[in-house]
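To start, the structure under review is shown below, and the notes come after it.
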DNA sequence: GCCGCAAGTCAACAACTGATGACAGGTTCA
DNA sequence: TGAACCTGTCATCAGTTGTTGACTTGCGGC
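Protein chains in written order, with the numbering used here: chain A, 188 to 392; chain B, 188 to 392.
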């Protein structure tokens, strides 16, 4: 199939270009490749620790194209956050009585069932250190995450409970980013997941 | 009293030097002033966002002295973390049945009762973005914070419960660092504090 | 086949960082 | 008094960053 001429939205997230393969000239595909590369790198290392040159290299392209296609690093980051926060709805899809378990398993047992819309949280935690990124993160956190989240949990003090639950998610992710992995093996992860699930569920109910 | 000749340990945390006042020549006091300035700035802006020149300026001293007295920025940060984690015991002092309330009030109602040993958490959250700082933070988090914490809570799965409680603290602090302040006024803070207190207490019991 | 324009590269800039070593200013003790 | 020493400053280095504009290269239409 002719992937080069697809519109940007339908392109799958391209893998990093390997070897010295030359990307065929195609503005849409290149822009998309930069966006994907940035999404990977920002999620792994955070806004400040990733340079335009890193992103360009991972996309197989010169760093100057970041500015050409996005206007600058900040704007690129904002667009990454836009794309990622769309996935946050996954957290709110499905049974509310299973919310705690879904989120907890995504955090402690990611091998089953993926990230459940927590990519945004990860990105936020790892990038909030930079003042330039923080303003963008804050906006998305309020508008795209806390807002819908509060509406979804509903009930008394919905905003507060949503914010507290979000804080817990943020905290677990931040702790995982500081320490590398929970010391214990799978049984520890299982136990942690169950405890966290109860904790989160008590906020959702 | 002759403050200039005190040993470093007994010196109070010096305020930033104001105006163009010249600090009297005193190695111990100057070293201490740098340490205090670094502690303030790292806690406010995080490791990466504070330069040696900033610290020197706040201490009323040339940036080169950071290297002279501490060997480098990383070593200075490690020493700040050493000093700060000593204060973490405050969190574990007092009645364990009141742990949740103590921590929650320190986070949401800091005007009563100070930080309750949470300065370390704040410092960790704001500095964990930098790889150089993360390694130092990780070491202190494990050895000076999670370890004693787990021992203090005791009981079944103490390590796990301590880690989960620490994650919650980290999350609330991180969330406060991203968004500026809870939107609601004092009544919101009061309600948030009570909910968080229950949450944390359920982990301590 | 050739021209024009879009796509991508490249070198360079200015700002900033942590670090270094030479230097100057004050203190102390003989 | 003067020499040795400690304390602090300064200019400077090398490295990195985001960004810019001039340049080259290749594709599509005539």
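We put the CB at the ideal spot given by N, CA and C, even for glycine.
The residue among A:303, A:323, A:279 with its C-alpha nearest the C-alpha of residue 349 (chain A) is A:279. Just measuring C-alpha positions, the residue of A:390, A:377, A:388, A:386 sitting nearest residue 292 (chain A) is A:377. According to the DSSP assignment, residue 277 (chain B) belongs to the alpha helix (DSSP H) that extends over 276-279.
Secondary structure note for residue 220 (chain B): its alpha helix (DSSP H) is the uninterrupted segment 214-232. Residues of the same chain with a CB within less than 7 Å of the CB of residue 359 (chain A), apart from the 5 flanking positions on each side, are 294, 383 in chain order. Within chain A, the residues whose beta carbon sits less than 9 Å from that of residue 386 (chain B) are 351, 355, 386, 389, 390, listed in sequence order. DSSP places residue 305 (chain A) outside both helix and strand once states are collapsed to three, so it counts as coil. When C-beta atoms of the stretch 307-326 of chain B are compared with those of the stretch 339-348 of chain A, fewer than three pairs fall below 8 Å, so the two segments do not count as touching.
Contact between residue 315 (chain B) and residue 365 (chain A) holds, with the beta-carbon distance rounding to 5 Å and staying under 8 Å. In this structure, residue 287 (chain B) places its C-beta atom within 7 Å of the C-beta atom of residue 388 (chain B). Residue burial annotation: residue 332 (chain B) is buried, with at least 16 other C-beta atoms found within 10 angstroms of its C-beta. In the DSSP assignment, residue 295 (chain B) falls within the alpha helix (DSSP H) that extends over 286-295.
With the criterion set as a beta carbon lying under 9 Å from some beta carbon of chain B, the members of the stretch 316-331 of chain A are 316, 317, 318, 321, 324, 325, 328, 329, in sequence order.
Under the Cβ criterion of 7 Å, residue 345 (chain B) is not counted among the residues facing chain A. Here residue 312 (chain B) is near residue 361 (chain B), since their CB atoms are less than 7 Å apart. Just measuring C-alpha positions, the residue of B:303, B:217, B:233 sitting nearest residue 255 (chain B) is B:217. When DSSP states are grouped into helix, strand and coil, residue 347 (chain B) belongs to the helix group. Contact of residue 382 (chain A) with chain B is assigned, a C-beta pair being separated by under 7 Å. DSSP, reduced to helix, strand and coil, places residue 315 (chain B) outside both helices and strands of the structure shown, so it counts as coil.
Secondary structure of residue 383 (chain A) (DSSP, three-state): helix.
For a Cβ distance threshold of 9 Å, nothing in chain B lies close to residue 372 (chain A): the least Cβ distance comes to about 13 Å. Taking every protein chain shown into account, the CB of residue 219 (chain A) has 16 or more other CB atoms within 10 angstroms, so this residue is buried. Between residue 263 (chain B) and chain A, the shortest Cβ-Cβ separation is not below 7 Å. In the three-state scheme derived from DSSP, where H, G and I count as helix and E and B as strand, residue 298 (chain B) is classed as coil. Residues 283, 286, 287, 340, 352 of the same chain have their beta carbon placed closer than 7 Å to that of residue 391 (chain B), with the five preceding and five following residues left out of the count. Residue-level contact by beta carbon holds for residue 358 (chain A) and chain B, with a gap shorter than 7 Å. Interface with chain B (7 Å Cβ-Cβ cutoff): residue 235 (chain A) is included.
Spatial neighbours of residue 261 (chain B) in its own chain (CB-CB distance under 6 Å, excluding positions within 5 residues in sequence) are listed in chain order as 319. Here DSSP, grouped into helix, strand and coil, assigns residue 376 (chain B) to helix.
Residue contact check for residue 361 (chain B) against chain A: a CB pair falls below 7 Å. Taking all protein chains shown into account, residue 322 (chain A) has fewer than 16 neighbouring C-beta atoms within 10 Å of its C-beta and is therefore exposed. Rounded to whole angstroms, the separation of the alpha carbons of residue 381 (chain A) and residue 326 (chain B) is 27 Å.
At a beta-carbon threshold of 8 Å, the residues of chain B lying near residue 313 (chain A) are 316, ordered along the chain. Neighbours of residue 375 (chain A) in chain B, taken as residues at a C-beta separation under 7 Å, are given in chain order as 347. Residue environment for residue 289 (chain A): buried (at least 16 other C-beta atoms within 10 angstroms of its C-beta). Close partners of residue 379 (chain B) in chain A (Cβ separation under 8 Å): 347, 350, 351.
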